[in-house]
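*Asks:* Here you go, one structure.
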Amino acid sequence: MNIILLGAPGAGKGTQASKIAQKYNVLHISTGDIFRANIKGGTEIGKLAKSYIDAGKLVPDEVTCDIVEDRLQKDDVKGGYMLDGFPRNIFQAERLDKFAQIDLCLNIEVDEKLLMDRICGRRVCSCGQSYHVSTLGGATACAKCGGALYRRADDNPETVKARLDTYNSQTAPLIGYYKAQGKLKCVKSGEGSPDEVFAQIEEILDKQ
Ligand code: AMP
Numbered sequence: 580m581n582i583i584l585l586g587a588p589g590a591g592k593g594t595q596a597s598k599i600a601q602k603y604n605v606l607h608i609s610t611g612d613i614f615r616a617n618i619k620g621g622t623e624i625g626k627l628a629k630s631y632i633d634a635g636k637l638v639p640d641e642v643t644c645d646i647v648e649d650r651l652q653k654d655d656v657k658g659g660y661m662l663d664g665f666p667r668n669i670f671q672a673e674r675l676d677k678f679a680q681i682d683l684c685l686n687i688e689v690d691e692k693l694l695m696d697r698i699c700g701r702r703v704c705s706c707g708q709s710y711h712v713s714t715l716g717g718a719t720a721c722a723k724c725g726g727a728l729y730r731r732a733d734d735n736p737e738t739v740k741a742r743l744d745t746y747n748s749q750t751a752p753l754i755g756y757y758k759a760q761g762k763l764k765c766v767k768s769g770e771g772s773p774d775e776v777f778a779q780i781e782e783i784l785d786k787q
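Each number in our numbering corresponds to the 1-based position in the sequence shown with 579 added.
Here it is in structure tokens:
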């Protein structure tokens with residue numbers, strides 16, 4: 580099963596992606612993670628991506644699509660994969676349709692008013708786990724692996740505002756795109772816990 584995870588920044592895509600990958604044994608591919616690894620490694624792609632990411636803008640489509648197309652050539656995707664953060668606009672979705680067969684698009688819906696607090700209070704670990712400062716009780720290490728928690732460079736109010744604008748103008752139209760293809764399923768991520776959101780996802784995936 581090949582899945583796209585859609586949702587605004589802060590909707591909980593990363594958290595749900597880890598749970599889905601674990602239970603359904605699909606490979607988690609996050610374009611944001613790929614860019615962050617490139618920035619850390621000081622690659623040419625990383626240098627290019629950093630300026631866009633810091634501004635809350637999308638990295639150019641050609642670069643992003645080529646990365647995903649290359650990634651989907653590898654053997655480890657054969658058992659099924661989940662794209663987290665790709666596609667981010669209609670151009671990318673149309674490109675993806677040329678080199679991949681997508682079965683399902685899971686859209687995580689969330690009230691926009693919650694997003695700013697969620698993202699600015701987010702603390703992440705390099706293992707992929709993320710937390711909110713309000714539930715950490717001052718802890719600075721990851722409860723899962725003991726790694727040091729940090730705030731993503733683009734999780735600051737100014738960049739978050741730009742990321743939300745980018746989402747609304749470029750990414751939200753994908754909801755209609757996948758609905759028209761008959762592949763869209765929506766779950767609600769309000770005040771509910773990650774486990775409650777995951778229960779809705781399980782209901783959908785168990786029927787696939
Ligand atoms: P994320 O971790 O998904 O929130 O992505 C972090 C940042 O990486 C985004 O704000 C974009 O600047 C960039 N990015 C991630 N995925 C894409 C994509 N599919 N197209 C363009 N830029 C992306």
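All residues carry an ideal CB built from backbone N, CA and C; glycine is no exception.
Hey, could you find the ends of the alpha helix (DSSP H) E770 is sitting in?
*Replies:* Counting from 1 along the sequence shown, the entry for residue 770 is found at position 191. Segment: none, E770 is in no alpha helix (DSSP H) and carries neither H nor E.
*Asks:* For A634, which residues in the same chain have their Cβ closer than 8 Å to its Cβ, ignoring the five residues on either side in sequence?
*Replies:* Taking the first residue of the sequence shown as position 1, residue 634 is located at position 55. These residues qualify, in order along the chain: T738, A741.
*Asks:* Suppose only complete runs of 4+ residues qualify. What are the alpha helix (DSSP H) ranges in the segment 583–634, listed by chain order?
*Replies:* 592–603, 610–620, 623–633
*Asks:* Kindly provide the ranges of any alpha helix (DSSP H) runs that are 4 or more residues long and lie completely inside the segment 636–671, ordered along the chain.
*Replies:* 640–650
*Asks:* Cβ of I632 within 7 Å of any heavy atom in ligand 1?
*Replies:* Position 53 of the sequence shown, counting from 1, holds the residue named residue 632. Within the cutoff, so yes.
*Asks:* Classify A720 as helix, strand or coil using the three-state DSSP reduction.
*Replies:* Translated into the one-based positions of the sequence shown, residue 720 becomes position 141. A720 sits in a strand when the DSSP states are folded into three classes.
*Asks:* Spatial neighbours of K636 within its chain, please: C-beta separation below 8 Å, excluding the five flanking residues on both sides.
*Replies:* Taking the first residue of the sequence shown as position 1, residue 636 is located at position 57. Hits under 8 Å: A741, T745.
*Asks:* So what does DSSP say about I754, is it helix, strand or coil?
*Replies:* Locating residue 754 in the sequence shown gives position 175, counting from the first residue. Three-state DSSP puts I754 in a helix.
*Asks:* Does the contact criterion of 3 or more C-beta pairs under 8 Å hold for the segment 648–658 versus the segment 623–634?
*Replies:* no
*Asks:* At the level of alpha carbons, what is the spacing between I583 and G755?
*Replies:* Counting from one through the sequence shown, the residue named residue 583 turns up at place 4. Counting from one through the sequence shown, the residue named residue 755 turns up at place 176. Cα to Cα, I583 sits roughly 14 Å from G755.
*Asks:* Just to confirm, are E688 and K767 a CB contact at a threshold of 8 Å?
*Replies:* For this step, residue 688 is matched to residue 109 along the sequence shown. For this step, residue 767 is matched to residue 188 along the sequence shown. Going by beta carbons, E688 and K767 fall inside the 8 Å limit.
*Asks:* If you follow the alpha helix (DSSP H) that R697 is part of, which residue opens it and which one closes it?
*Replies:* Indexing the sequence shown from 1 puts residue 697 at position 118. Taken as a continuous stretch (DSSP letters only), the alpha helix (DSSP H) holding R697 covers 691–699.
*Asks:* Give me the residue from Q760, D734, S748, N617 with the minimum Cα distance to I681.
*Replies:* By one-based count along the sequence shown, residue 681 stands at place 102. Nearest option by C-alpha distance: Q760.
*Asks:* Any heavy atom of ligand 1 inside 7 Å of the beta-carbon of R667?
*Replies:* On the sequence shown, position 88 is the one that residue 667 refers to. It does: the Cβ of R667 is within 7 Å (strictly closer) of some heavy atom of ligand 1.
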